[in-house]
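Heads up: the structure comes next, in structure tokens.
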DNA sequence: CTGATATGCTAATACGCATTACCACCTCGA
DNA sequence: TCGAGGTGGTAATGCGTATTAGCATATCAG
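Chains as they are written, first to last, in the working numbering: chain A, 21 to 371; chain B, 21 to 371.
In structure tokens, the structure reads:
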């Protein structure tokens, strides 16, 4: 229900100023070719009328006419804003927002994308992607088929999180989890741990694989191996039994929320952390803090991830405006948080 | 840099299906007047081509052609996403997002609005409001002039938070702070408090006035009065000196963050809360929890505030689609959290 | 006085879609 | 055989803007 009647258009401005619509457009866009000359006097008169009428250009018309709209789309595969069980995106979006503000673009959140088969899909009837000049993709996992199709379409987009596929043509800004988990593994090794257990998520996205690979490679390098188990979070008590049976001295947990549950169960079972069992977490808090344990963990620069993604997208949309060209695929370093849940194993290996 | 070349339009679909562009449009919009009949066979053929080409309509063109865009704008007077010092909007936006998803609209965050004189302005050259079919306004304080102008423009919008002005024609969904602060005052009165101090914000928005009014009216009703002081948060220690000089038995604090500072200073000064001094807070946590005190306080239903605002805006944009008409101005009830910072004053009034 | 060049604009058009007016063809009843 | 009414579309137009080609007038060199 756009309010057609009282909309002020360039034509009306033109009438009031006694010029043509074209002239109004030219004044507005500050053109001054050899072929289009507007004397100061006319320009002033037009601007005056524009001020009086509080005219604003219709962005839809501008868009149709072929000029960009300065809109960056944001597609999240899950809810963008925090709910009671998860706050995954806001740290990223904080960075996105500040970068968007800097380059003067608005953010279009594709909240209307329907959920099919458990997740949102980019391509569906009445896809709205093109309303934005380019798009950011956020999500733990993304559909390779959709990514492939996006690449083919030549539509500018940037994924947050490393994405292989599409012959390496997917632009992304990700996190170097491999190096970080390797460093965490090294910390445990240096403390003398030998019995290790890895509780990981049932996901196979790039970042999940990176974490696992970083851990295993580092262990491999010193001839250690690691018991692993998949947990989806529904029955952490079962996982805990499994862990107790194996009796590791250090437990790596991929998901922060799982770590919290395990921590609680451990305390409840009289197992002290890190006295009896060290706990190292490979992810960050993604839900509202209830109790906060200072885990030994990695920490990704999430706001920076967001702002860098915007910068890269800006480049894809508008070219390097004289600035240095950014790589189309970037990995940012994690911080290692020493935390308080790693200690040397209780019994020094008596052999 | 819209990628003009390979854009699929209705015209191309029409060519491929051997019909006219008009037919494609008719099929897409499922029109079936007496004057425009499309036989099933043709419809099928067109839809088939559309599926193959993954055509999507250009929303800008649709908008220009006079149909809505299913975009709800979100204008925040400050940063929408949390930063280190404040997380004011996300609880609201959580509600906004889920409601937006339900009615199938996208959310356009006006991050590009420039900051002038300390806050964002809606109206500026190259105002982009009209890209959205309607708009939500969020902020502690809003410019009355801008609101007036919005009302005049007939553009559909809803303010979050009560807004007077414009002859009561501003649509809003707000919080009934008056009733809530009165109830909190009553709690203190019932405990026997007589020496009261109110530390409030240097703001005069409707919600601030409501809080103050609710408090003072309730006190008035039992013949009590209250020392008041304005604090902007820059020098809470000075405020604290003032409070100590007056020596109240209960302290009302409007801002949650101020309450935290005061709490810390009190503990530091050896004043026990609520033993020596009761503390009642009129606002909610708006920054990442560092330490969490279970204040006696009010709690506004912020996600609901967001979703109701979207529902109201939807009505303003599209009419009550058969549903019951929502009031254009709504106030939601707060919850009172008893908390742990209110107790009876130490010395019963010994006359 | 004549052509050339500069100046100050405007008319026309495209963008992609929705919508309305209308046309060509067919069938059927009288 | 003719007209009425039904069927299956299409051509034309408008939405508000950006852009380009070009026109009318003035000025100036020769």
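Note that CB positions come from ideal geometry on N, CA and C, so glycine has one too.
Hey, how far is the Cα of residue i from the Cα of residue j?
{"i": "residue 194 (chain A)", "j": "residue 323 (chain A)", "result": "12 Å"}
{"i": "residue 296 (chain B)", "j": "residue 178 (chain A)", "result": "56 Å"}
{"i": "residue 175 (chain A)", "j": "residue 149 (chain A)", "result": "9 Å"}
{"i": "residue 302 (chain B)", "j": "residue 198 (chain B)", "result": "10 Å"}
{"i": "residue 370 (chain A)", "j": "residue 364 (chain A)", "result": "In this predicted model, residue 370 (chain A) has a pLDDT of only 40, less than 50, meaning its place in the structure is not dependable; the value taken from the coordinates is given anyway. Roughly 14 Å between the two C-alpha positions."}
{"i": "residue 139 (chain B)", "j": "residue 163 (chain B)", "result": "10 Å"}
{"i": "residue 291 (chain A)", "j": "residue 238 (chain A)", "result": "27 Å"}
{"i": "residue 79 (chain B)", "j": "residue 135 (chain A)", "result": "21 Å"}
{"i": "residue 84 (chain B)", "j": "residue 109 (chain B)", "result": "32 Å"}
{"i": "residue 60 (chain B)", "j": "residue 155 (chain B)", "result": "39 Å"}
{"i": "residue 203 (chain B)", "j": "residue 103 (chain A)", "result": "29 Å"}
{"i": "residue 45 (chain A)", "j": "residue 233 (chain B)", "result": "51 Å"}
{"i": "residue 152 (chain A)", "j": "residue 89 (chain A)", "result": "7 Å"}
{"i": "residue 305 (chain B)", "j": "residue 353 (chain A)", "result": "32 Å"}
{"i": "residue 170 (chain A)", "j": "residue 147 (chain A)", "result": "13 Å"}
{"i": "residue 27 (chain B)", "j": "residue 333 (chain A)", "result": "20 Å"}
{"i": "residue 29 (chain A)", "j": "residue 165 (chain B)", "result": "23 Å"}
{"i": "residue 366 (chain A)", "j": "residue 264 (chain A)", "result": "15 Å"}
{"i": "residue 223 (chain A)", "j": "residue 71 (chain A)", "result": "56 Å"}
{"i": "residue 283 (chain B)", "j": "residue 258 (chain B)", "result": "14 Å"}
{"i": "residue 346 (chain A)", "j": "residue 326 (chain A)", "result": "15 Å"}
{"i": "residue 229 (chain B)", "j": "residue 349 (chain B)", "result": "18 Å"}
{"i": "residue 183 (chain B)", "j": "residue 196 (chain B)", "result": "12 Å"}
{"i": "residue 35 (chain A)", "j": "residue 133 (chain B)", "result": "29 Å"}
{"i": "residue 351 (chain B)", "j": "residue 55 (chain B)", "result": "47 Å"}
{"i": "residue 101 (chain B)", "j": "residue 158 (chain B)", "result": "12 Å"}
{"i": "residue 266 (chain B)", "j": "residue 314 (chain A)", "result": "41 Å"}
{"i": "residue 213 (chain B)", "j": "residue 235 (chain B)", "result": "14 Å"}
{"i": "residue 242 (chain B)", "j": "residue 359 (chain A)", "result": "54 Å"}
{"i": "residue 52 (chain A)", "j": "residue 81 (chain A)", "result": "22 Å"}
{"i": "residue 107 (chain A)", "j": "residue 252 (chain A)", "result": "18 Å"}
{"i": "residue 143 (chain B)", "j": "residue 312 (chain A)", "result": "44 Å"}
{"i": "residue 50 (chain B)", "j": "residue 31 (chain B)", "result": "17 Å"}
{"i": "residue 344 (chain B)", "j": "residue 172 (chain B)", "result": "26 Å"}
{"i": "residue 342 (chain B)", "j": "residue 187 (chain A)", "result": "51 Å"}
Would you kindly check if the distance between the Cβ of residue j and the Cβ of residue i is under 8 Å?
{"i": "residue 42 (chain B)", "j": "residue 69 (chain B)", "result": "no"}
{"i": "residue 256 (chain A)", "j": "residue 281 (chain A)", "result": "yes"}
{"i": "residue 271 (chain A)", "j": "residue 299 (chain A)", "result": "yes"}
{"i": "residue 119 (chain B)", "j": "residue 320 (chain B)", "result": "no"}
{"i": "residue 39 (chain A)", "j": "residue 62 (chain A)", "result": "yes"}
{"i": "residue 77 (chain B)", "j": "residue 112 (chain B)", "result": "no"}
{"i": "residue 357 (chain A)", "j": "residue 328 (chain A)", "result": "no"}
{"i": "residue 33 (chain A)", "j": "residue 66 (chain A)", "result": "yes"}
{"i": "residue 181 (chain A)", "j": "residue 168 (chain A)", "result": "no"}
{"i": "residue 225 (chain A)", "j": "residue 160 (chain A)", "result": "yes"}
{"i": "residue 247 (chain A)", "j": "residue 268 (chain A)", "result": "yes"}
{"i": "residue 99 (chain A)", "j": "residue 117 (chain B)", "result": "yes"}
{"i": "residue 273 (chain B)", "j": "residue 219 (chain B)", "result": "yes"}
{"i": "residue 294 (chain B)", "j": "residue 201 (chain B)", "result": "no"}
{"i": "residue 137 (chain B)", "j": "residue 221 (chain B)", "result": "no"}
Let me check one thing: in DSSP terms, what residues is residue i bridge-paired to?
{"i": "residue 299 (chain B)", "result": "B:271"}
{"i": "residue 129 (chain B)", "result": "A:127, B:94"}
{"i": "residue 319 (chain A)", "result": "A:355"}
{"i": "residue 136 (chain B)", "result": "B:139"}
{"i": "residue 180 (chain B)", "result": "B:158, B:193"}
I'd like to confirm something about residue i: is its beta-carbon nearer than 7 Å to some heavy atom of the ligand COA, or not?
{"i": "residue 208 (chain A)", "result": "Among the components of this structure there are no ligands whatsoever, and the ligand COA is therefore not found."}
Given 8 Å as the limit, is there contact between the region 125-134 of chain B and the region 120-138 of chain A, that is, 3 or more CB pairs closer than that?
-> At 8 Å Cβ cutoff, the stretches touch.
Any alpha helix (DSSP H) of 4 or more consecutive residues that is wholly inside the region 48-105 of chain B | Taken in chain order, the complete alpha helix (DSSP H) segments of 4 residues or longer contained in the region 48-105 of chain B are 60-73, 79-84.
Please list the segments of the beta strand (DSSP E) lying wholly inside the region 206-294 of chain A, counting only runs of 3 or more residues, in order along the chain.
-> With a minimum length of 3 residues, the continuous beta strand (DSSP E) runs that stay inside the region 206-294 of chain A are 216-220, 247-250, 270-273.
Per the contact definition of three or more C-beta pairs closer than 8 Å, is the region 184-191 of chain B in contact with the region 206-217 of chain B?
-> No, the region 206-217 of chain B does not touch the region 184-191 of chain B.
Does the region 84-96 of chain B touch the region 89-98 of chain A, meaning 3 or more C-beta pairs lie closer than 8 Å?
-> Remark: fewer than three beta-carbon pairs, one from each stretch, lie closer than 8 Å, so the region 89-98 of chain A and the region 84-96 of chain B are not flagged as touching.
With a floor of 4 residues, list each alpha helix (DSSP H) that falls wholly inside the region 321-350 of chain B, ordered by position along the chain.
-> List check, alpha helix (DSSP H) in window: 322-338.
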